[in-house]
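Going down the list, the sequences are from chains G and L.
Residues 1 to 128 in full-length UniProt numbering are what the first sequence spells out, letter by letter.
Residues 1 to 128 in full-length UniProt numbering are what the second sequence spells out, letter by letter.
Ideal placement from N, C-alpha and C gives every residue a C-beta, glycine not left out.
The structure presented is a predicted model; accordingly, all values stated were derived computationally and were not measured.
There are 2 protein chains.
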Amino acid sequence: MNIGEASSRSGLPAKTIRYYEDIGLIRPDRGDNGYRDYGADDVHKLRFLHRSRSLGFSVEECRQLLALYEDKSRASADVKDIAATKLTEIDRKIRELTELRRTLEHLVHACHGNERPDCPILEELSEG
Amino acid sequence: MNIGEASSRSGLPAKTIRYYEDIGLIRPDRGDNGYRDYGADDVHKLRFLHRSRSLGFSVEECRQLLALYEDKSRASADVKDIAATKLTEIDRKIRELTELRRTLEHLVHACHGNERPDCPILEELSEG
DNA sequence: ATGAACCTTCCTGTTACTGGAAGGTCAAGG
DNA sequence: CCTTGACCTTCCAGTAACAGGAAGGTTCAT
């Protein structure tokens with residue numbers, strides 16, 4: 001498929017997809033006309049990149065994560081180390097998002113424009 | 001407190017804190033010597049910024065989230081709209097992180113270097 | 001009072017894109 | 001066959017969100 005379809009299927013702008021090729025994250029085939037040609041596996045990788053980037057992982061971290069998939073038969077020690085580190089990070093992110101969610105929900109349901117002292121958000125914030 | 005202590009308490013580099021001041025996210029006092037002077041509430045905001053940035057929210061989104069705290073007595077309709085939108089995003093992020101976590105965990109526990117066809121990761125990836 | 005460890009502003013560099021120009025390709029309609 | 005519009009290509013410039021480092025002022029302990 002062309003880059004346009006890969007873009008709409010992955011959710012990434014075509015510009016970003018070309019950039020990811022520039023920095024060596026994906027290597028699509030080329031047709032005789034010079035157009036990039038993406039397969040289903042490329043789209044999987046692009047969706048994966050889209051997701052992990054939006055979750056606060058840097059491009060270099062995404063490169064590592066992607067390598068876990070592509071280089072599955074590598075010595076397991078390395079793979080496990082990297083994966084385990086990322087798991088810890090992911091758990092932290094989930095915890096922090098859950099906290100943030102709780103705080104925001106209080107704001108929506110309990111803090112409707114009344115004055116400061118009785119706002120539950122302030123209590124949470126002042127816990128530190 | 002000086003910027004150094006605000007930095008170590010919030011986890012943000014001093015450079016970043018100055019940058020956040022440049023773009024109007026925080027406005028610390030200044031001492032007679034010209035040094036920035038941060039209070040406990042500033043540190044709360046900085047920690048909040050640190051967390052939400054690392055969770056994939058842009059600086060502009062963080063500005064909105066911060067405004068929810070600072071502008072608590074604003075017309076609730078606006079506040080609730082923004083907060084509700086962010087809640088949806090947060091829920092999506094939590095779902096995606098949980099998925100990513102599950103996939104990685106499989107990689108660590110089930111996919112230890114053996115060949116492709118029987119690797120559970122590949123099945124997940126090919127679901128699409 | 002001198003050195004280390006802070007702080008200040010300013011200017012440049014990096015990462016991860018984003019927009020736009022200039023031009024080639026393709027499928028449909030007149 | 002030709003053109004029109006929607007694709008695609010490369011390349012170059014701009015933006016966002018910082019990071020590094022120079023040049024210099026402040027504070028504090030020895």
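*asked:* So that I know if they touch, is there some Cβ in chain L lying closer than 8 angstroms to that of G/Gly4?
replied: The beta carbon of G/Gly4 does not come within 8 angstroms of any beta carbon belonging to chain L, so the residue lies off that interface.
_If we define contact as Cβ-Cβ less than 8 angstroms, is residue 175 of chain L a contact residue for chain G?_
Examination of residue 175 of chain L is not possible in this model, given that chain L is present from 1 through 128 alone.
*Which whole runs of the beta strand (DSSP E) in the stretch 44-93 of chain G are 3 residues long or more, in chain order?*
none
*Using a C-beta cutoff of 8 angstroms, does G/Leu49 count as contacting chain L?*
no
_When you compare the stretch 38-47 of chain G with the stretch 80-87 of chain G, are there three or more beta-carbon pairs, one atom per stretch, that lie closer than 8 angstroms?_
At 8 angstroms Cβ cutoff, the stretches do not touch.
_Spatially closest choice to L/Arg92 from G/Ile3, G/Asp42, G/Ser54, by CA coordinates_ = G/Ser54
*Whose C-alpha, out of L/Val59, L/His106, L/Asp32, L/Asn33, is nearest the C-alpha of L/Ile17?*
L/Val59
_Beta-carbon proximity check, G/Ala14 vs G/Ile23, cutoff 8 angstroms_ = In terms of Cβ geometry, G/Ala14 and G/Ile23 do not form a close pair [threshold 8 angstroms].
*To the nearest angstrom, how far is it from the Cα of L/Asp118 to the Cα of L/Arg102?*
Residue placement at L/Asp118 cannot be trusted, given a pLDDT of 44 that sits under 50; the coordinates are not used to answer.
*Buried versus exposed, by CB contacts within 10 Å (16 or more), G/Tyr69*: buried
_Between L/Ile26 and L/Tyr20, how many whole angstroms is the CB-CB distance? I'm expecting something under 8 angstroms._
The C-beta separation of L/Ile26 from L/Tyr20 comes to about 5 angstroms, placing the pair in contact by the 8 angstroms criterion.
*asked:* For G/Ser38, tell me which candidate among G/Ser52, G/Gly56, G/Ser10 has the shortest Cα-Cα distance.
replied: In the sequence on display, residue 38 of chain G carries Tyr and not Ser. Closest option to G/Tyr38, Cα to Cα, is G/Ser10.
_L/Pro28 to G/Gly56 span [Cα, whole Å]_ = 27 angstroms
*Along the alpha helix (DSSP H) that carries L/Arg9, what are the first and last residues, could you check?*
3-10
_chain L contact residues for G/Ser52, given Cβ-Cβ distances below 7 angstroms_ = Leu100
*To the nearest angstrom, report how far apart G/Met1 and G/Asp41 are at their CA atoms.*
12 angstroms
*Quick one: is L/Arg95 buried, meaning 16 or more other Cβ sit within 10 Å of its Cβ, or exposed?*
exposed
_Length of the line joining the Cα atoms of L/Ser8 and L/Arg51_ = 14 angstroms
*Buried or exposed for L/Arg30, please, with buried defined as at least 16 other CB atoms from any protein chain shown within 10 angstroms of its CB.*
An exposed status is given to L/Arg30, since fewer than 16 other beta-carbon atoms sit within 10 Å of its beta-carbon.
*Contacting positions in the UniProt domain "HTH merR-type" (1-68) of chain G - beta carbon closer than 7 angstroms to chain L*: His44, Arg51, Ser52, Ser54, Leu55, Gly56, Leu68
*Looking at G/Leu66 and residue 134 of chain L, is the spacing between their C-beta atoms short of 8 angstroms?*
The structure shown does not extend to residue 134 of chain L, since chain L is modelled only from 1 through 128, so no value can be given for it.
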